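Here is the structure we will look at, set down as structure tokens.
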Amino acid sequence: MAIARDIADRPGAATVPVRQAGEMIDPFGRAITYLRISVTDRCDFRCVYCMAENMTFLPKRDLLTLEELDRLATTFVEKGVRKLRLTGGEPLVRRNIMHLIRSLSRHLGTGALDELTITTNGSQLERFAAELADCGVKRINVSLDTLNPDKFKEITRWGNFAKVMAGIDAAQAAGIRVKLNAVALKGFNDDEIPSMLEWAHGRGMDMTLIETMPLGEIDGDRTDQYLPLSAVRAGLSERFTLTDIPYKTGGPARYVEVEETGGRLGFITPLTHNFCESCNRVRLTCTGTLYMCLGQEDAADLRTPLRASEGNELLSNAIDEAIGRKPEGHDFIIDRETRKPAVSRHMSVTGG
Ligand code: SAM
Ligand code: SF4
650 MAIARDIADR
660 PGAATVPVRQ
670 AGEMIDPFGR
680 AITYLRISVT
690 DRCDFRCVYC
700 MAENMTFLPK
710 RDLLTLEELD
720 RLATTFVEKG
730 VRKLRLTGGE
740 PLVRRNIMHL
750 IRSLSRHLGT
760 GALDELTITT
770 NGSQLERFAA
780 ELADCGVKRI
790 NVSLDTLNPD
800 KFKEITRWGN
810 FAKVMAGIDA
820 AQAAGIRVKL
830 NAVALKGFND
840 DEIPSMLEWA
850 HGRGMDMTLI
860 ETMPLGEIDG
870 DRTDQYLPLS
880 AVRAGLSERF
890 TLTDIPYKTG
900 GPARYVEVEE
910 TGGRLGFITP
920 LTHNFCESCN
930 RVRLTCTGTL
940 YMCLGQEDAA
950 DLRTPLRASE
960 GNELLSNAID
970 EAIGRKPEGH
980 DFIIDRETRK
990 PAVSRHMSVT
1000 GG
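Be aware that the sequence shown starts at 650, since it is given in my numbering, and climbs by one per residue.
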């Protein structure tokens, strides 16, 4: 191993992934260092592109306990995961979620973990921001698709715009860096993207735009919503000077710097640009199912090995076996023929 490292460290040497003890490498040579956990499939919003208004959620008895989620996450950390993101559904509506976050923060303390973070709709942030900061959460993603309170109500169905604004204020006041995530939706927020960008950058927040992905049945039709980010970028370029930068946050976004605002704008383009080649992540659901790819149906059951014994050997083997079949990538298309989602489960199940 030491020899392999020496070779890899030589100038000009090919970048062959060097396997360290406890490191997870998939069949395509990608090191898996990022685990996203959907801690609940429930949510206090019903965003139109994400959920139907009448959703059937998982029975509570099927959920892993917070202790089980901790044990699973900890096993992944021991196996080389350096970044944990809690998501959902809405992670902050899971009961006692701060117990889990507080407990997981011990891995920041030992240096085993580089980052512990969440993706949230912001509805509960006012309540939890200070505690999140105290647990070592340094930056979070807040999803916000419009700055217009009426349109906010329209897109989230159940959301309260003022509460989300208060949540963002609280997070920033607690010293947490906020990145805004906005889904680009044709005819809904395309005309608002420049002003959102100026608003976010004016408050010291980066912003990332996301294309709608064909995940799960919703009430409407996704082909009506789909707005390729290549078109958004072309439009923004007429107004702003966008310069590609190599900035990376461990996620799939490609960033530009906006000269006029001095801020960063990310593009997550699963449909117009396949980002799979650098994928470093896997996703765990609140029932202990591991998805090796957001855009494929294949999954591994980790709940059975987790519950089969008190030791972690079975679990660790099951994780290795799952990583060993991580696919090369997804094949998302917004299918105009069948108008069916590419993947039947909702983003709120796998965790966006
Ligand atoms: N509830 C939290 C929130 O909204 O931030 C976390 C979970 S949510 C599923 C995570 C992200 O996925 C959000 O930014 C949301 O806008 C995005 N999302 C949901 N459904 C999507 C879809 N079909 N296509 C693209 N993005 C989606
Ligand atoms: Fe809830 Fe997030 Fe889905 Fe909106 S995008 S319904 S906030 S899980």
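Ideal Cβ placement from N, Cα and C applies to all residues, glycine included. All of these numbers come straight from a predicted model, not from anything done at the bench.
With a cut-off of 8 Å, do at least 3 Cβ pairs link the segment 823-831 to the segment 781-792?
yes
State yes or no: is the C-beta of residue 681 within less than 8 Å of the C-beta of residue 718?
no
Endpoints, alpha helix (DSSP H) assigned at residue 761
No alpha helix (DSSP H) holds residue 761; DSSP gives it neither H nor E.
Range covered by the alpha helix (DSSP H) that runs through residue 969:
962-972
Integer-rounded CB distance, given that residue 916 should sit under 8 Å from residue 858
6 Å
Using the rule of at least 16 other Cβ atoms within 10 Å of the residue's Cβ for burial, across every protein chain shown, is residue 759 buried or exposed?
exposed
Candidates 755, 895, 711 and 839, of which the one nearest residue 726 by Cα:
755
Is there contact between the segment 759-768 and the segment 793-806, where contact requires at least three CB pairs shorter than 8 Å?
no
Provide the residue(s) that pair with residue 856 in DSSP beta bridges, ordered along the chain.
DSSP, once it has assigned bridges, lists 829 and 914 as partnering residue 856.
Please report the straight-line C-alpha distance between residue 776 and residue 737, rounded to a whole angstrom.
Rounded to whole angstroms, residue 776 and residue 737 show a C-alpha spacing of 18 Å.
Using only the heavy atoms of ligand 2, determine whether one of them is closer than 7 Å to the beta carbon of residue 775.
no
Bridge partner(s) assigned by DSSP for residue 791
769 and 829
Can you check whether the CB of residue 699 is closer than 8 Å to the CB of residue 742?
no
Buried versus exposed call for residue 927 [16 or more other C-beta atoms within 10 Å across all chains shown]
exposed
Where in the segment 679-721 do unbroken runs of the beta strand (DSSP E), each at least 3 residues long, occur, reported from the N-terminal end onward?
Within the segment 679-721, the runs of beta strand (DSSP E) at least 3 residues long that lie entirely inside it are, in chain order, 683-687.
Considering only the beta carbon of each residue, do residue 925 and residue 688 sit closer than 8 Å?
no
Taking just the CA atoms, how far does residue 791 sit from residue 818?
12 Å
From this set, 674, 739 and 773, which residue's C-alpha is nearest residue 730's C-alpha?
674
Run through DSSP, which three-state label would residue 931 get?
Residue 931 falls in the strand class under three-state DSSP.
Specify whether the segment 903-913 and the segment 948-959 touch according to this definition: at least 3 beta carbon pairs, one from each stretch, less than 8 Å apart.
no
Cβ-based neighbour list, residue 712, same chain, cut-off 8 Å, excluding 5 preceding and 5 following
689, 935 and 936
Are there any heavy atoms of ligand 2 lying less than 7 Å away from the beta-carbon of residue 700, as far as the coordinates show?
yes
Does the distance from the C-beta atom of residue 788 to that of residue 828 stay below 8 Å?
yes
Would you say the beta carbon of residue 859 is closer than 7 Å to some non-hydrogen atom of ligand 1?
yes
Our contact map puts residue 876 next to residue 833 with C-beta atoms below 8 Å; I'd like the distance itself, whole angstroms only.
5 Å
Can you check which of these residues, 868, 869 and 862, is closest to residue 878 by C-alpha distance?
If we check each option's Cα against that of residue 878, 862 comes out closest.
With DSSP as the reference, please indicate the residues paired to residue 842 in a beta bridge.
None; residue 842 has no bridge partner.
With a cut-off of 8 Å on the beta carbons, I'd call residue 976 and residue 942 a contact; round off their distance for me.
Indeed they touch by this definition, with Cβ atoms about 5 Å apart.
Leaving aside the five residues before and after residue 806 along the sequence, list all residues of the same chain whose C-beta is less than 8 Å from its C-beta, in chain order.
Once the five neighbours on either side are set aside, the close Cβ partners of residue 806 are 694, 695, 696, 697 and 702.
Would you list the residues sitting across from residue 732 in a DSSP beta bridge?
683 and 764
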